[in-house]
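First up is the structure itself, then whatever we jot down about it.
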Amino acid sequence: MHRPSVARRSSISMTVIDYPWTKTKEDVAAFYNVEETKGLSEERVKRDLERYGPNELPAEEGKPLWKLILEQFDDLLVKILLAAACISFVLALFEEHKEEDSLVAAFVEPLVILLILIANATVARPSSTAALGLPESLIPVQLLWVNLVTDGLPATALGFNPPDLDIMDRPPRNPKESLITPWLFFRYMAVGTYVGFSVVCSATWWSMDATNGPKLSYWHLKHHFKCRAGGKEWEDIDCDVFDDPHPMTLALSVLVTIEMLNALNSLSENQSLIKMPPWYNKYLLFAIALSMSLHMMILYIPMFNTVFQICPLTWEEWFAVLKISFPVVLLDETLKFIARRYIDISPRNSELDELEGK
4 MHRPSVARRS
14 SISMTVIDYP
24 WTKTKEDVAA
34 FYNVEETKGL
44 SEERVKRDLE
54 RYGPNELPAE
64 EGKPLWKLIL
74 EQFDDLLVKI
84 LLAAACISFV
94 LALFEEHKEE
104 DSLVAAFVEP
114 LVILLILIAN
124 ATVARPSSTA
134 ALGLPESLIP
144 VQLLWVNLVT
154 DGLPATALGF
164 NPPDLDIMDR
174 PPRNPKESLI
184 TPWLFFRYMA
194 VGTYVGFSVV
204 CSATWWSMDA
214 TNGPKLSYWH
224 LKHHFKCRAG
234 GKEWEDIDCD
244 VFDDPHPMTL
254 ALSVLVTIEM
264 LNALNSLSEN
274 QSLIKMPPWY
284 NKYLLFAIAL
294 SMSLHMMILY
304 IPMFNTVFQI
314 CPLTWEEWFA
324 VLKISFPVVL
334 LDETLKFIAR
344 RYIDISPRNS
354 ELDELEGK
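Residues in the sequence shown are numbered consecutively from 4, following this note's numbering.
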């Protein structure tokens, strides 16, 4: 291979070698007039640093935060998922023949999916920004599985819900009243926000606190993209831990479990699960069992592990999933209590309360 002459080297001393990927190491050493065993002297390094600047890639042009977040939605599966959530929302909006408790489940599902996507886009920004740096909690194919498969069976079974126990005590619904009242909207947002928060927390729990996890700090999680560049902070950290499927598996399992608990919450709009227990709708129990069986299938069959980028969970991890998921029942029971006590007070119940007070 032709070696550049001394004259050639001097004429391009202010530039770099042409097509370096085509050169051998001997060509590069000859071009820069260095010996392979000795390398560059400190004087040469200092001189080249002043002449050429640091050996680093040019800085990327800064982008507004909103553009960085919107870039996370530029994915085919995410677009399909957004379309499915919007279709579910529109169908729920126009299916006026449904009972209100079924409408709760119908609206919560697309809202939860949208909140998860927004949380992922905001919290799981890739390494182009240090301000938003946690690893991804969920990927589009996992959200697609939840939205189209595991949620479908319970949502269908909710159509067989029995009427509420206090249905005869309620006044007729005002035909001019909007389908989604401010209270219902607040309820959807409260439950959806908790779901998004739980999914992100479950993913970080394994990395920070699990006994079989790497016991990382929050700083390491937030700056995980700097790991492979090395540094004193990363000396005792195996960077492959950030590719471990456990965080995503926990996040997906929490999302599926919470959705099953939300289906139980939707047995009644305002009645407690104590008064209307789950066996009031046996079809719903069967649908939940089948959905959880499908989730177990993708967890414990290796072929599906590869497709969904997940792994089997231990008993400790399942216990953590239940601890993170179950508070959604307490949250919804609290909202139902507030609705019964202060929001949906029928005239008949008010009169009875006044008589009892007298």
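The C-beta atom is built at its ideal place from N, Cα and C for all residues, glycine as well.
Measure the alpha-carbon distance for S271 versus P166 and round it to whole angstroms.
Cα to Cα, the separation comes out at about 8 Å.
If you drop the 5 nearest sequence neighbours on each side, which residues of the same chain put their C-beta closer than 8 Å to that of S275?
Once the five neighbours on either side are set aside, the close Cβ partners of S275 are E336, K339, F340.
If we count Cβ pairs, one from each stretch, closer than 8 Å, do we get three or more for the stretch 189-205 versus the stretch 216-223?
Touching, no.
Check the DSSP bridge columns for E38 and list the partner residues they point to.
G42, per the DSSP bridge assignment.
How far does the alpha helix (DSSP H) with G155 in it reach, from first residue to last?
Its alpha helix (DSSP H) spans residues 155-160.
Relative to the C-alpha of I1, which residue among A254, T27, V37 is closest?
Because residue 1 is not part of the residues shown, which for the chain are 4 to 361, the question remains open.
Report all residues from its chain with a CB closer than 7 Å to the CB of D239; omit the five preceding and five following residues, and keep chain order.
Taken in chain order, the list of residues that qualify is empty.
According to DSSP, simplified to helix, strand and coil, what is S271?
Reduced to three states, the DSSP call for S271 is coil.
So the candidates are W148, I327, W24; which of them puts its Cα closest to the Cα of S201?
Here the closest residue by C-alpha is I327.
From which residue to which residue does the alpha helix (DSSP H) around C296 run?
The sequence shown places Ser at residue 296, not Cys. Here the alpha helix (DSSP H) through S296 covers 285-303.
Using DSSP with H/G/I as helix, E/B as strand and the rest coil, what is M192?
If DSSP states are grouped into helix, strand and coil, M192 belongs with the helices.
How about the stretch 247-262 and the stretch 292-299: do they share at least three Cβ pairs that are nearer than 8 Å?
Output reads yes: the stretch 292-299 touches the stretch 247-262.
Could you round the C-beta distance between N150 and A88 to whole angstroms and report it? I think they count as a contact, below 8 Å.
That pair is a contact at about 7 Å.
Does the beta-carbon distance from A290 to L147 come in below 8 Å?
No, they are not a contact pair.
Hey, how far is the Cα of T27 from the Cα of I20?
One C-alpha to the other measures close to 12 Å.
Are F245 and P315 close, meaning C-beta to C-beta below 8 Å?
For F245 and P315, no; Cβs fall outside 8 Å.
Rounding to the nearest angstrom, what Cα-Cα distance links R47 and R54 in this structure?
For R47 and R54, the distance between alpha carbons rounds to 10 Å.
So the candidates are H249, T252, F163; which of them puts its Cα closest to the Cα of I284?
Looking at the sequence provided, one finds Asn at residue 284 rather than Ile. The shortest Cα separation from N284 among H249, T252, F163 belongs to F163.
Please give the ranges of any alpha helix (DSSP H) in the stretch 236-269, keeping only runs that are unbroken, at least 4 residues long and fully inside the region.
With a minimum length of 4 residues, the continuous alpha helix (DSSP H) runs that stay inside the stretch 236-269 are 249-268.
Using CA atoms only, rank isn't needed, just tell me which of Y22, P281, T309, D51 is closest to N36.
It is D51 whose Cα lies nearest to the Cα of N36.
In the structure shown, what three-state DSSP assignment does L224 receive?
DSSP places L224 in helix when its eight states are reduced to three.
Can you tell me the Cβ-Cβ gap for A323 and W186, rounded? I've got them flagged as a contact below 8 Å.
32 Å between Cβ atoms; not a contact.
Going straight from the alpha carbon of M299 to that of K278, what length do you get?
One C-alpha to the other measures close to 31 Å.
Between which two residues does the alpha helix (DSSP H) harbouring L333 extend?
Where L333 is concerned, the enclosing alpha helix (DSSP H) stretches over 330-341.
How about V310 and N265: are their beta carbons less than 8 Å apart?
Going by C-beta atoms, V310 is not nearer than 8 Å to N265.
Kindly indicate which three-state DSSP category L402 falls into: helix, strand or coil?
In the structure as shown, the chain begins at 4 and stops at 361. Residue 402 is therefore absent and cannot be evaluated.
When the Cα of S140 is compared with those of P175, A160, S210, V93, which residue comes out closest?
Among P175, A160, S210, V93, the Cα nearest to that of S140 is on S210.
Could you tell me the alpha carbon to alpha carbon distance between L333 and L85, rounded to whole angstroms?
One C-alpha to the other measures close to 29 Å.
Expressed to the nearest angstrom, what Euclidean distance is found between the alpha-carbon atoms of S131 and D247?
With a pLDDT of only 32 at S131, under 50, the local geometry of the prediction cannot be trusted, and the value read off the model is given with reservation. Between S131 and D247, the C-alpha separation is close to 21 Å.
Would DSSP call I277 helix, strand or coil?
Note: I277 maps to coil in three-state DSSP.
Taking D154 as the reference, give the member of Q145, M263, A232, P250 with the closest Cα.
Comparing Cα-Cα distances from D154 to each of Q145, M263, A232, P250, the minimum goes to M263.
Measure the C-alpha to C-alpha separation of L161 and L219 and round it to an integer number of angstroms.
Roughly 42 Å separates the two Cα atoms.
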